[in-house]
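Trainee: Start counting the sequence shown at 4; every next residue gets the next number (the numbering used here). Every residue gets a Cβ at the ideal spot worked out from N, C-alpha and C, and that includes glycine. Computed from a prediction, not measured in an experiment: that's the story for all the values here.
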Amino acid sequence: MTAKSTASAFARAREEGRSALIGYLPAGFPTKQGSIDAMRVMVENGCDVIEVGLPYSDPVMDGPTIQAAAQTALENGFRTRDVFDIVEAVAATGAPTLVMTYWNPVERYGVDKFAADLAGVGGAGLITADITPDSVTGWDEAADANDLDKVYLVAPSSTEERVAMTTANCRGFVYATAVMGVTGARDSTSDLAGPLVARTKATTDLPVGVGLGVSNGDQAAEIAKFADGVIVGSAFVRVLAEHADDPAAGLEALAVLTRDLAAGVRR
4 MTAKSTASAF
14 ARAREEGRSA
24 LIGYLPAGFP
34 TKQGSIDAMR
44 VMVENGCDVI
54 EVGLPYSDPV
64 MDGPTIQAAA
74 QTALENGFRT
84 RDVFDIVEAV
94 AATGAPTLVM
104 TYWNPVERYG
114 VDKFAADLAG
124 VGGAGLITAD
134 ITPDSVTGWD
144 EAADANDLDK
154 VYLVAPSSTE
164 ERVAMTTANC
174 RGFVYATAVM
184 GVTGARDSTS
194 DLAGPLVART
204 KATTDLPVGV
214 GLGVSNGDQA
224 AEIAKFADGV
234 IVGSAFVRVL
244 AEHADDPAAG
254 LEALAVLTRD
264 LAAGVRR
């Protein structure tokens with residue numbers, strides 16, 4: 004286990020008797036430096052693991068909040084290579100830092116080169132939103148060669164066989180999507196999350212993180228009762244977007260939200 008690994012973050016949270024808080028933010032939003040500043044604030048205020056989203060022009064899994072943020076990053080000139088600068092800066096905080104991406108940008112960049120460059124800047128691994136472990140991509144081999152985590156997704160619609168196959172190929176943790184549909188903060192958490200986590204845990208000893216829909220400490224506390232990790236994305240993006248004209252106020256609001264969520268996983 005290395006200092007950068009997500010396993011270390013989950014182990015520390017487990018020792019403290021709580022779930023880990025995992026924060027997502029698109030790279031390059033609101034600007035390249037702005038995304039670095041925001042992710043550092045998220046770490047300083049309680050995020051255990053950071054997911055750096057790679058902006059992509061056809062984000063089929065993302066809801067309108069994250070789609071708009073990714074579009075802003077692209078219009079500002081974001082390029083795939085920029086994600087490595089951001090990962091390096093965030094990983095320097097000591098928080099395990101993964102890239103969450105659709106597959107096309109990785110394939111276009113070059114699978115082996117992407118893995119080597121990610122490992123070279125201290126990245127912990129890759130979360131692949133739109134491929135499954137049985138896809139013929141070359142990612143497993145590239146990740147293994149560079150000691151990177153491989154995080155695949157399970158969903159409420161996954162069969163028992165698909166859940167078992169997916170978890171058998173994960174390293175670091177398993178990403179459980181709590182709702183059917185796109186990302187986005189919701190007023191209440193999904194009642195599909197608990198059964199999905201139970202089904203997933205029946206197949207693996209890996210930690211299971213639950214994502215999609217969590218936006219406040221109360222919801223984080225609810226998910227933390229049965230999940231090893233609580234994943235938050237759209238709520239962070241929304242806070243920054245609401246303070247687009249005042250970045251300093253946006254970072255302060257982001258800190259407040261992160262502390263609320265961090266308190267939630269500790270209840």
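#1: So, for threonine 206: in the same chain, excluding its five sequence neighbours on each side, which residues have a beta-carbon less than 6 Å away from its beta-carbon?
#2: What number of angstroms, rounded off, separates the C-alpha of proline 136 from the C-alpha of cysteine 173?
#3: Is it buried or exposed for alanine 16, if we count other Cβ within 10 angstroms and need 16 for buried?
#4: Who are the Cβ neighbours of threonine 83 in its own chain at under 6 Å, not counting the five residues just before and after it?
#5: Would you mind stating whether alanine 196 and valine 268 have Cβ atoms separated by less than 9 Å?
#6: For arginine 21, count the other beta carbons within 10 Å of its own beta carbon; 16 or more makes it buried, fewer makes it exposed. Which is it?
#7: Which residue marks the beginning of the alpha helix (DSSP H) containing isoleucine 39, and which one marks its end?
#8: Measuring CB to CB, does valine 235 end up less than 9 Å from glycine 253?
#9: Got a sec, what are the start and stop residues for the beta strand (DSSP E) glutamate 54 sits in?
#10: Counting along the chain, where does the alpha helix (DSSP H) carrying threonine 131 start and finish?
#11: Are the beta-carbon atoms of threonine 131 and tyrosine 105 separated by less than 9 Å?
#12: How is the alpha helix (DSSP H) around isoleucine 226 delimited, first residue to last?
#13: Can you name the start and end residues of the beta strand (DSSP E) that isoleucine 25 belongs to?
#14: Measuring alpha carbon to alpha carbon, tell me which of Glu47, Gly49, Phe81, Ala158 ends up nearest glycine 56.
#15: Within a Cβ cutoff of 8 Å, which residues of the same chain sit near alanine 290, ignoring the five residues on either side of it in sequence?
#16: Mapping the DSSP letters down to three states, classify arginine 241 as helix, strand or coil.
#17: Starting from the Cα of alanine 23, find the closest Cα among Phe13, Ala94, Gly31 and give me that residue.
#18: Report the option in Asp120, Gly123, Ala181 whose CA atom is closest to the CA atom of serine 161.
#19: Do we get a CB-CB distance below 9 Å when we pair alanine 71 with the residues of chain C?
#20: Which residues does DSSP list as the beta-bridge partners of tyrosine 178?
#21: Buried or exposed, going by whether 16 or more other CB atoms sit within 10 Å of the CB of serine 138?
#22: Which word fits aspartate 51, buried or exposed, when buried means at least 16 other C-beta atoms lie within 10 angstroms of its C-beta?
#23: Restricting to Cα atoms, I'd like to know which of Asp208, Val46, Val233, Pro67 is closest to valine 93.
#24: If you check the beta carbons only, do glycine 26 and isoleucine 53 fall under 9 Å apart?
#25: Can you look up leucine 101 in the DSSP assignment and give me helix, strand or coil?
#26: Please list the terminal residues of the continuous alpha helix (DSSP H) segment that includes glycine 253.
Mentor: Judging by the given coordinates:
#1: Val166, Ala167, Thr170
#2: 8 Å
#3: buried
#4: Pro108, Tyr112
#5: no
#6: buried
#7: 35-47
#8: no
#9: 52-56
#10: No alpha helix (DSSP H) holds threonine 131; the beta strand (DSSP E) holding it covers 128-131.
#11: yes
#12: 220-227
#13: 23-29
#14: Phe81
#15: Missing from the structure shown is residue 290; the chain here goes from 4 to 270 and no further.
#16: helix
#17: Phe13
#18: Ala181
#19: Looking at the structure shown, chain C is missing, and only one protein chain is on hand.
#20: Leu156, Gly212
#21: exposed
#22: buried
#23: Val46
#24: yes
#25: strand
#26: 250-267
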